[in-house]
Every structure is written in C-alpha cells, then in structure tokens.
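Q: One structure, as structure tokens, below. Some questions next.
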Amino acid sequence: CVQLWNPVAAHGSWGIVLELEGVQRRFTRLIDEVGTLPYSRRLEILNLTTLAERRIRGDLIETFKAASGLTEYGANIFSFGRSGENLVSKSRCYKGSTKVKNLQRSFLPERVIPYWNKLPSEVKNSVSVLSFKIRLEDFKKRSIINSMRNDSHFWEVSGEVLSRI
C-alpha cells in the first residue's frame, strides 16, 4: 500500500526521510553475520533497497495502476501530456503561496512526475502490473550497467540517502 502523502527526499525534508531509514538500518543490524557490516553492504547482501527508493518504486507502481485503469481510484488525480504517456503537473499553473506548492510536492501526483517521465515507453506501456515491475527492474539494471547516472532515476535516491547517513 502506497500512501498518498510521503515525505519527498529534498531540501528540508531529509530529517524525516533519514529517520524512517533509521528503522530499517537498526533492524538490519540485528541480523547475524551481517549486522556489523556497513549499511550499504547489508542492503546488498540482503537484496534490499533503501526505504526511500522502495517508496518511489511503489509510487511508480500505483501510478501505472491508475494510468492503466486497473484501480477504481486515481483516474482523475493524474494529468497526462499530449503523448498520453508523460505526466504533467496540475499545480504548475496554481498561483497560490509557496508553502502550498511545497506541500503539494509531497503528494503522489506531483512527486512521481520526474521519475515516471524518465521511464521508457516499453515500461509505461506494460500490459500488467507484474510485467511493469519486471520491466522496471530490467530498466534499472540496464541503466546501471550502462552507467546512466545523473538522470534523476528513482534508484539514485538510495545513493543520496546512504551519503547522508
């Protein structure tokens, strides 16, 4: 279950993100034979990702479900561009206060935009949730192998979290 609101890993909210990450970090210390290793190595051995990365992945899965009509909710929370694939911000035309705009960035329709729009069409146009998850993971692996860095993909938040711990 993905929450409609989550803290965005950005300036000003890292304290919340790192506090949540600390729960998983402390728990992995309790596991025999890996508890003394650095957190990044524990995650690798246990085949886990950071909670921040997992939340973004969950956001992408929920976005796929809503965009594909696989859920009874969410049909009207996303706005798509002319291509029908890329998300556009509903709040970019909003003339309200900066505080409201900053708050809106923490809600699913806004926080998922930069990650969704960087996905290739083959991932976005999957025929099922399972195929979306598989293609998403394959895209991540291919991109890491091909050293596609600095493109603001969802998995890069893990590196940022680990650098702040």
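Each residue of the sequence shown is one higher than the last, beginning at 12 in the numbering used here.
Every residue gets a Cβ at the ideal spot worked out from N, C-alpha and C, and that includes glycine.
If you measure between the beta carbons of residue 164 and residue 174, is that distance less than 9 Å?
A: Translated into the one-based positions of the sequence shown, residue 164 becomes position 153. Translated into the one-based positions of the sequence shown, residue 174 becomes position 163. No. Outside cutoff.
Q: Using only the alpha-carbon positions, how far apart do residue 54 and residue 60 sit?
A: Here the question's residue 54 lines up with position 43 in the sequence shown. Here the question's residue 60 lines up with position 49 in the sequence shown. Looking at the two C-alpha atoms, the distance is approximately 6 Å.
Q: Which one of 70, 120, 58 has the shortest CA to CA distance from residue 98?
A: Here residue 98 is taken as the residue at index 87 of the sequence shown, counted from 1. Of the candidates 70, 120, 58, the one whose C-alpha sits nearest the C-alpha of residue 98 is 120.
Q: Can you tell me where the alpha helix (DSSP H) with residue 75 in it begins and where it stops?
A: Position 64 of the sequence shown, counted from the start, is the residue given in the question as residue 75. Per DSSP, the unbroken alpha helix (DSSP H) holding residue 75 starts and ends at 62-78.
Q: Are the beta-carbon atoms of residue 47 and residue 37 separated by less than 9 Å?
A: For the purposes of this step, residue 47 is identified with residue 36 of the sequence shown, where counting begins at 1. For the purposes of this step, residue 37 is identified with residue 26 of the sequence shown, where counting begins at 1. Contact: no.
Q: Considering residue 154, what are the terminal residues of the alpha helix (DSSP H) in which it resides?
A: Position 143 of the sequence shown holds residue 154. Start and end: 140-156.
Q: Return helix, strand or coil for residue 98, following the three-state DSSP convention.
A: On the sequence shown, residue 98 is found 87 positions in, with the first residue counted as 1. Residue 98 carries a strand assignment under DSSP once its states are collapsed to helix, strand and coil.
Q: Strictly by DSSP, which residues pair up with residue 234?
A: Given that the chain is displayed from residue 12 to residue 176, the structure contains no residue 234 and the question cannot be resolved.
Q: What does the Cβ neighbour count give for residue 139, buried or exposed, with the cut at 16 atoms within 10 Å?
A: Within the sequence shown, the letter at position 128 stands for residue 139. Exposed, by the Cβ-count rule.
Q: By how many angstroms is the C-alpha of residue 81 removed from the C-alpha of residue 27?
A: Within the sequence shown, the letter at position 16 stands for residue 27. Within the sequence shown, the letter at position 70 stands for residue 81. Between the alpha carbons of residue 27 and residue 81 lies a gap of roughly 31 Å.
Q: Exposed or buried, what is residue 126 when buried is set at 16 or more other beta-carbons lying within 10 Å of its beta-carbon?
A: Within the sequence shown, numbered from 1, the residue matching residue 126 stands at position 115. By the neighbour-count rule (16 or more Cβ atoms within 10 Å), residue 126 is buried.
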